[in-house]
Each structure stands twice: as C-alpha cells, then as structure tokens.
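Protein chains in written order, with our numbering: chain P, 1 to 689; chain U, 1001 to 1369.
Heads up, the beta-carbon is just placed ideally off N, CA and C, and yes, glycines get one too.
Taking it in order: structure first as structure tokens, then the write-up.
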C-alpha cells in the first residue's frame, strides 16, 4: 500500500498531481461513474466523522446537478461543527493529512485520500475551483472561500475569501454551524447497484443516527432521482478510544520506526508505553526471552535485536488488546438502520463480541432481513461494510461474501440451489466488519481479504441470524396452524353445535371433550405490543391446555436485556435464568384452561421488539414454544461469566493492582473461555444438526 | 340404489337432511368431533355398474370431520344449507345455486368462499341424502340445451298449465329451450317422428345444420349441448333415449375436452356419478370428429397444447375411456399431435358437412339415409 509518509513528508517532493494520475484507480477516480461516488463518499464520510467527534446528530444533503457535456455539479452540505478558517487550507489542500494514519483506532476515513482528492479531481477534469462555506458556532459569520491546488507544492490556493452571514437556501434561515462544499467535475450519474443512491442508502443503514438526503437533477433542473433517509436513532456512536498497537500485529519496519522515534530510556518502559497488552511482567519476559538488557536505550536497538523482539512477542503470553477502540453499530441500531432503508417482515441482527486477529481487534455485526417489499427473485442482496463504510465493488472476491456463501442456507429456510453461491429469496444480509486494521484484497479497498478468524466470526454471526430466520419461518407456520385451530374450536365448533341443536330441537352438547380431542395439545400464543402512553414494549404470553390431562410447565422468555432495557412490569414474578432469559414456573394447568403472563419493558422504542422466542421446560410439547435446551442456557451463563471477567480485566489493567498475582490467572481464564467461543447460539446450532 | 322413479316427498327430504345434522349432533354428544361421510369423488373411485350400464361411485369413503378448519367450515355450511332448504320447502320457493351463494353472505362463518364451493356442497348433500337437487328446490344457473326437430313435448308453464310444443313447427331458429327441470312434474314426452337424436357441441355447427335443414333431411332431432352439457340436457337425452327408444349420436370437436363431454353423456360424469343412472345414456355413440377424421378428411388442425396432452394422459387412466376404441383414438391423437374443430369441415364448403361428412359417418354406424 501507499505509505502516507512518503508522499506528505518533506523527504520526497513528487508532484501530487502526478501521484494522483498514477494512482487514480485505487483512489477511486478511475471511471466517470465511480469518480462521482468517490467524491460523494469523501464528502459524506468527512461530515459523518466531524459530526461524530463534535457530538452532533448529522443532517447531510447531497445535490447532484448535470451541467453541459460530462460536467456535473456536486454539492454537499452538513450541519457539522464546520472548519475553523485557519484549518480550511490544510483540510482541503493537503494530501493524506491528519493523525489517522498513525493512530490505531477505527475511523471511516481510512479509505481514499480524503476530500483533497475531490478538489484535485475537479481541478484536473474541469479546472473548476471548489467552493467552501464553513461556519463554526463561535463565529458570528461564515467563511466563504474558493480553493484550488498547487500541485507542485502540495498545498491549497485560496481565492475570493470573504466572511458573511450564511443563509441556508432551502430554509432561508441563518446556518449556525456547518460546512458546504460545491464543485464541478467530469462525472457520470448512474442508477443501480453501484450508484450514489445505493451508497447513501447503505451509509444510512449503518448510520441510523444520520439524516441523509439526495437529489439528482438533469440539465433542465428536472429531478432524476431522489432519496431521503431519516434518522431512526438519536444515539450517536460512542467516541472511540485510540489504542497503542498490539505486539502480535507489529511488523519489523514499524517496530524499528517506533524504536527510533522513542523517547524512553529503558526497554521495559518502551514496551509498556508503546504497546497495548504488555504488562510489566510481560515486558520483562519479552526482554529476557530476547536476551536484551532492560537498560538498553530503545533508540539504539539494532535490527538484529528488533527481530529477536518480534520473535519473543509470539512466545510470551500477552493480554489481548483492549477493544474499546472499536465502534460497533449495535444490533438494535442496525435493525433500525435496516428498517429505514428496507421494508421487511423480519429482521434479525447480532453484534458479536470483539475479538483479536494478529494483534488487531475486530468485531463483526450481522443483520438479516426477510420478506416485506424485498424482491424474491434472484440472489439475496448483500450489504457489506468495513468500519461503517459501504463496500460497493468486487462483491464476489470479498471475504464477507464468501462467508455468506459458505453457509448452508437451505437449513435456514432460504433457497440455495446446489448450496453454492449466494442464496436466493426475499432477503438481504448485512455484514459489518469493524477493525483497527481492515485487510483488503487490494488498494482499491473494496473487498475484504481472507482471514480465518474474521471468516469464522462472520459465520457464527450468520448462523445466529439464520437460526433466527428459521425460527421465524417455523413460528409463522405454527402460528398460522394454531390460529386455525383456535378458530375451529372457539368459533366454528360452537356454531355447529348451535345449528344442530336448533335443526333437531335438541339440547346443545357439552363441547369440552370434543375440543380436547380436536386440539389434543398445549398451545402458546405470544403477542408483542407497544404501550404508546407509557412508552413500554409489552409482551403477553397465553398458554392453553387443550389436552385431557393437567399440565405443569416452566415458561421461558427471551428478551433484549441490557443496561438500558429493564423489565418494569411482570404479572407472574418468576426469576432470571440467564441474561436475557426470564423464567416463570406456572401453576398446574387443568384441561381446558388457560393462563396469561404479561411483561413490559422500558428502554425500547416502538418497533424495536417485534420478534421473540418462547421456550418451555416440562413434559409434552407446547405448540408455539420450543423446548429449552439446557446446554444453550449453560452456554449463555458461561458467556455472561466471560463478559464479567472481561470487565474485571479492563478494570484491573487500568488500576494495575496486584498485577503479578492476578494476571496469569486472568489470562488463563480468558483463554479457556475464548476457546469455547463466545457466541453460543451459533456454536450450538452448528453442533446440533 | 336408484333414485329415479322414487321421488321423495317433502317430509322425506327434510328428514334425510336432518339425518346429517343428527350424525353430527350424536358425535358431539359422545365427545367426538362431528363428521359427515361421503364417497370419494374422483376418477379413482368410479366403477362400471353392470346392472345400470353406467359409471357409479365405488366403495371408497372419506370422512369430513371437524378436526381441520376447512372441514369444520364445510360441516357448518351443510347445516346452514339444510336450514335454508327446509325454509324453501316450507314456503314453496326455489333458488338458483348462485342465489344460495349470495344468501350465504349472511351465514357468518358458514358463508361460501366461492360459487364452486356452494355447487359442490349441493352435490354432496344429494349424495348423502340420496335426494335430487330438484328436491332441494335448488336450480342451476346455466341454461339447458336447445332442441330443433320433429319431436313434441308438453311443458307445464308458470301458470301451471300444460303447453304442447313441437320442436320443429312451434319454435324459431333458436329452437326449444330445455328448462332446468325436465322431470315428469314439469315435462312430458308426447310424440316424435325422427330416427335418431344428434347432440352437437358447438353453437356454430348446430346453426349450420339447422340452416341446411339437416333435421328434416336426415330425420333427426338436433340438440345443442353448449359445451359441457347441463344436467337437464343430459337428463332429457336420457329420457328421449329411454322413452322413445332412439339412438343418441354425439357430434363434437376432436379434442380431449370433447371426449369428456361424450363420456359424461354416455357413461356418467365423475362429479355426478351418484346419479349417473339418471343422467347417463348408455349406448350413446360418438360420431366424430375423430382423430381418424383429421387424417381421412385432411382437416385443418391445431397443435395439441401441454394442457391437451396432460388431459389425454389423464383420460388414459380414466376407467370410462378404458376401451379399445378410446385407447386407439387417444393414442392416435397423441401420435399426430393435432386437434380439430367441428367447423374445420367448412374447408370444403358450407354444405360439405351435411352433404358428405355426416352421411358418410352415419352410414358407417348403420344410420344411413
């Protein structure tokens, strides 16, 4: 890959325009269509990142206007913090600026070369200057400026700079803070799978907190395409922590540079301060394994010794890197994001716990939507994301796609001819890979490279949502049958009895034994609802005993328990069996009787809780519920314990109390648990069939 | 058991219907789901009745019981229909099957989903009670056939008077319209001066023969079947064949659906196999158009469609077509892959059918003139 320092540094002063020309294929400016998408992408990514940092809920408007020939005007406006006057030149005029190339954390802007590329592309293709309006909240007026690039000196040329009050053209109101960019470039607007529309649609799915709109106009001002995706969540993604690199992911060159630039005087402190996951004890072990004295000055470590260090990193037990540098979207928010872009009947999403591959923390999120407006013809839609950035090209060669193809979807209710390629049907699958270091197949950064750990994590996520789909389909079928039976015994049968009695002038028979014989089963019916007044998600579970014997059961409900979601009402008491599993031991249900359990949850919004699982413990089947597998419960408890240990680790690491005593123990705990896999439903599913 | 000639009284009909309700009620009193027992109504359960000479339902029975929603609804509908019929009998009214379908709108959960459902249920009730649709005061929507020829009937009109009608002299070009009820209480066969009766599938051919004066020339009565013949059409042919002892000749298109029209006339229809002996005319003969005719007369023809082919295959496993003649015809038709319409005979001119084709074909079966 291109090393940023070689270009932006002072050492080599190659012409930036030359660099751009040579590399435009992987900078995203290789075709007229793609150039437009890339330009929009750079602008929107910047806006989302800026809003996130400033904790502002983003409103982004993208306008595309066709002008004469192949010229296209691109306008992008946000309500972000704006850019201070002094920084404008740097943001728009310098290639590969900014700390993100050195810091290890998850950001969107790891792709491409930023907004500077857009300024450059416009200048190269049409000679147009890029007009920028920037307003920061503290200033009384906005900065209006036009920007070009001095490609030899790698800096921006400002012109026509002025300050005045910025009135929004659409609302007629003064803009308090925000940024507007407009420029003219050679480009082509196209509809379809690889379009600006699709890019923004996908972006809105993984940014449920953003409101994004698009308007595309033809030469005569007529509207060619329009889209508006309104935010479905007021929750901004959490601020991600920067972390130091983990020794497992370090390469020799990087290590040497770090050594060279270090200011520490001792090797232990160098290791402790420049890496994550290295405790005092581990640093000492690394040094002794490498036969390097602690008092060597890091700056003077030669390449021989650096190699030894790299080797020792693999031998010594190290703590995994912290994972709070990742910003997963959160499964509930993915659900909301998906619902904002796709109308479906069923959505299942999962956020896996973070894991580490070669020293790089990563986290997988998977979503599956089914039914509704989705077309049932042809392969399912695949929505790929790396660090919240949509991947729109090279779908076939991407590890995320391969992971989808590796699942036997027939088992989960999708059509999957020959078990090869993508499954077919009215479904869309979303995969989000969040990582401090996403490995791509090429510099174009459109396809994720194969990585066994990433692949396995995705598979586990997919199996989990697949299992959800299967349950959904099964439940739909069961529910239909149960509904029919209910109608039969509660409506039709009594009418038959009434009619025969009337026709024959005889007394109506007692129908209880007839009903028992027709149903001969225990039924369970759950209803999820929304209490508008009190903003509570409600669930009522009704159990009918239509058998000839008395029955006793424990009913278990799966609910989306977390720090923010609590059970505020519960008609039947019961107890918590595990995280997200509540259990009620019911009194004996006599033949022909029924009972109802109802609960209300706070912390959810309308439409968050639309599907759940009911389990039971006891003899005989319940139609509409699944017999609980105690193994699953056990695994959930294990996973809970693991999370607790993780929290413990991060606490003890920050405090570093009793480090030497507890560390080994924790590492071992961590490892035993890790080997079991964290996501239990998925593992179980694989093993059980 | 034959129904013909033993028409039931109103009370008997009501009692027969009440038996259905009793069966259900008794079951419920015993604590078991209510049910109704019916013969299986498909080609797998029809067999030739040697005594009657027609195809009847066999011994396969199916029980419709209230263990599934669909069946339970059918039972409820049966009870609604029972009640409705009782009311009609008591008030001296009748209704069409279609009217009953609309009336069922008021039956709540017992209402019909489609007209077909109500027609089928009426047939179910006939089968179970061994009554006729006419006993239930239900009449069909479809009109009966048209007849032209020197035959005379007496029909009781709306005023209750008997009207004498000669089907050659007292009718216009459209002929005598056969009423839906052709039983003795409504229609009497008076006299005839014909040698045979020819049933014609299509209106176009019927009109051609009428225009060419074929009824007088060949001394026959012409009946327009209007596609799959209505019950009253089949019944009046049966009565003419029986009471006047005249041969019945069927002249239809050459396609699989026409073969079925013939089978329903000669052997009995699958749907009405419970009253085959009352509707079917054993000895009715298929005159044409045959697959041989397509070749022999070099008739303009159409390719057999996929549906045609599967209909032919289905006929090969239908016991009614299990004869050497039909097997040959069906196989030949499959072999040449063609079908032809009656009116394709017009290839040789408008008079060809009456001057050449029919005389030749009739001579083959000994009805030359």
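- In chain order, 503, 504 make up the part of chain P whose C-beta sits under 7 Å from the C-beta of residue 1018(U).
- Residue pairing by DSSP places residue 1036(U) opposite 1064(U) in a beta bridge.
- Secondary structure of residue 1326(U) (DSSP, three-state): helix.
- For the C-beta of residue 1021(U), the chain P residues within less than 8 Å are, from N- to C-terminus, 499, 500, 503, 504.
- Spatial neighbours of residue 590(P) in its own chain (CB-CB distance under 6 Å, excluding positions within 5 residues in sequence) are listed in chain order as 550.
- Distance from the CA of residue 399(P) to the CA of residue 521(P), rounded to the nearest whole angstrom, comes to 46 Å.
- The count of Cβ pairs closer than 8 Å, one atom from the region 574 to 586 of chain P and one from the region 550 to 560 of chain P, reaches three, so the stretches are in contact.
- In this structure residue 1241(U) is buried. Its beta-carbon is surrounded by 16 or more other beta-carbon atoms within 10 angstroms.
- DSSP places residue 120(P) outside any beta strand (DSSP E); the residue lies instead in the alpha helix (DSSP H), whose first and last residues are 115 to 126.
- Among the residues of the region 482 to 494 of chain P, those with a Cβ less than 8 Å away from any Cβ of chain U are 484, 485, 487, 488, 491, 492, 493, in the order of the chain.
- For residue 506(P) against residue 1025(U), the beta-carbon gap comes to about 6 Å, under 8 Å, which counts as contact.
- For the C-beta of residue 198(P), not a single chain U residue is nearer than 9 Å; the gap to the nearest is close to 41 Å.
- Exposure of residue 1087(U) is indicated by the presence of fewer than 16 other C-beta atoms within 10 angstroms of its C-beta.
- Here the C-alpha atom of residue 327(P) lies approximately 21 Å from the C-alpha atom of residue 382(P).
- Distances from the CA of residue 1069(U) to each of 518(P), 602(P), 621(P) were compared; the closest alpha carbon is that of 518(P).
- Non-local beta-carbon contacts of residue 1141(U) in its own chain, meaning distances under 7 Å to residues more than five positions away in sequence, involve 1096, 1097, 1098 in chain order.
- Annotation for residue 1369(U): no alpha helix (DSSP H) segment contains it, and DSSP assigns it neither H nor E.
- A residue is called buried once 16 or more other Cβ atoms fall within 10 Å of its Cβ, and residue 639(P) is buried on that count.
- By the Cβ rule, the region 1005 to 1023 of chain U does not count as touching the region 1229 to 1241 of chain U, because fewer than three pairs are nearer than 8 Å.
- With fewer than 16 other CB atoms across the displayed protein chains lying within 10 angstroms of its CB, residue 1162(U) is exposed.
- Neighbours of residue 1079(U) across chain P, judged by C-beta separation under 8 Å: 496, 499, 500, 503.
- Taking C-beta separations shorter than 8 Å and ignoring five residues to either side along the sequence, the partners of residue 1165(U) in its chain run 1152, 1153, 1154, 1155, 1171, 1176, following chain order.
- Here residue 1208(U) is near residue 1353(U), since their CB atoms are less than 8 Å apart.
- The C-beta distance from residue 1145(U) to residue 1253(U) rounds to 17 Å, too long to fall under 8 Å, and the pair is not in contact.
- Of all residues in the region 1088 to 1101 of chain U, none comes within less than 8 Å of chain P when Cβ atoms are compared.
- DSSP places residue 559(P) outside both helix and strand once states are collapsed to three, so it counts as coil.
- Rounded to whole angstroms, the gap between the alpha carbons of residue 377(P) and residue 429(P) is 15 Å.
- Between the alpha carbons of residue 1338(U) and residue 1322(U) lies a gap of roughly 21 Å.
- The beta carbon of residue 241(P) is closer than 6 Å to those of 324, 325 in its chain, skipping five residues each way along the sequence.
- From the beta-carbon of residue 518(P), the residues of chain U found nearer than 8 Å are 1033, 1066, 1067.
- The beta carbon of residue 591(P) does not come within 8 Å of any beta carbon belonging to chain U, so the residue lies off that interface.
- DSSP places residue 165(P) outside both helix and strand once states are collapsed to three, so it counts as coil.
- When 7 Å is used as the limit between beta carbons, residue 514(P) is near these residues of chain U: 1028, 1031, 1032, 1033, in chain order.
- The contact set of residue 333(P) on chain U, defined by CB atoms closer than 8 Å, is empty, because the minimum CB distance reaches about 41 Å.
- Residue 539(P) and residue 619(P) have their C-alpha atoms some 24 Å from each other.
- Along the length of the region 267 to 320 of chain P, whole beta strand (DSSP E) runs at least 3 residues long do not occur.
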